[in-house]
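Asks: Just dropping this structure here.
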Amino acid sequence: MNKAELVAKIADQAGITKTQANDALDAFTTTVQKTLKSGDKVTLVGFGTFSVTKRAARTGRNPRTGAPLKIKAKKVAKFKAGKELSSKI
Numbered sequence: 118m119n120k121a122e123l124v125a126k127i128a129d130q131a132g133i134t135k136t137q138a139n140d141a142l143d144a145f146t147t148t149v150q151k152t153l154k155s156g157d158k159v160t161l162v163g164f165g166t167f168s169v170t171k172r173a174a175r176t177g178r179n180p181r182t183g184a185p186l187k188i189k190a191k192k193v194a195k196f197k198a199g200k201e202l203s204s205k206i
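This is the structure:
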């Protein structure tokens with residue numbers, strides 16, 4: 118499912134226009150991004166938790182030449198499904 122399909126489903130189930138559903142989805146994703154950037158996590162009970170995890174620096178290999186290269190440490194977004202969501206899948 119892509120964003121347009123998700124917006125259409127939200128609009129249909131909530132009884133709102135696609136524009137309103139798109140605005141709501143954009144507001145949700147923007148809020149989650151800002152919260153994660155500030156170092157906090159977002160928990161939706163029954164759905165799951167969005168959090169930030171630190172990935173350590175490591176040595177990788179160039180697949181073409183086989184030469185080792187350094188991969189820098191970075192922060193990555195992580196989602197852990199809640200118990201209710203996991204049981205429904």
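Here the working numbering is used: the first residue of the sequence shown is 118, the next is one more, and so on.
We put the CB at the ideal spot given by N, CA and C, even for glycine.
Could you give the DSSP three-state label for T166: helix, strand or coil?
Replies: For the purposes of this step, residue 166 is taken as residue 49 along the sequence shown, with counting starting at 1. Here T166 sits in strand by DSSP.
Asks: Compute the distance between the beta-carbons of G165 and K197, then report whether it is under 8 Å.
Replies: Within the sequence shown, numbered from 1, the residue matching residue 165 stands at position 48. Within the sequence shown, numbered from 1, the residue matching residue 197 stands at position 80. Yes, the pair counts as a contact, with Cβ atoms nearer than the cut-off.
Asks: Assuming L123 contacts L142 (C-beta within less than 8 Å), just tell me the rounded distance between them.
Replies: Your numbering for residue 123 matches position 6 in the sequence shown. Your numbering for residue 142 matches position 25 in the sequence shown. The pair is a contact, with the Cβ atoms about 7 Å apart (cut-off 8 Å).
Asks: So for A121, helix, strand or coil by DSSP?
Replies: Here residue 121 corresponds to residue number 4 of the sequence shown, with the count starting at 1. A121 falls in the helix class under three-state DSSP.
Asks: Figure out for me which residue from T136, G163, F145, D129 has the closest Cα to the Cα of L202.
Replies: Residue numbering aside, residue 202 sits at position 85 when the sequence shown is read from its first letter. Nearest of T136, G163, F145, D129 to L202, Cα basis: G163.
Asks: Does I127 come out as helix, strand or coil in the three-state DSSP assignment?
Replies: For this step, residue 127 is matched to residue 10 along the sequence shown. DSSP places I127 in helix when its eight states are reduced to three.
Asks: Quick one, which of Q150, K158, R175, V193 has its alpha-carbon nearest P185's?
Replies: In the sequence shown, residue 185 corresponds to position 68, counting from 1. For the residues Q150, K158, R175, V193, the minimum Cα distance to P185 belongs to R175.
Asks: With F167 and K158 assumed to form a contact (beta carbons below 8 Å), what rounded beta-carbon distance in angstroms separates them?
Replies: Within the sequence shown, numbered from 1, the residue matching residue 167 stands at position 50. Within the sequence shown, numbered from 1, the residue matching residue 158 stands at position 41. Indeed they touch by this definition, with Cβ atoms about 6 Å apart.
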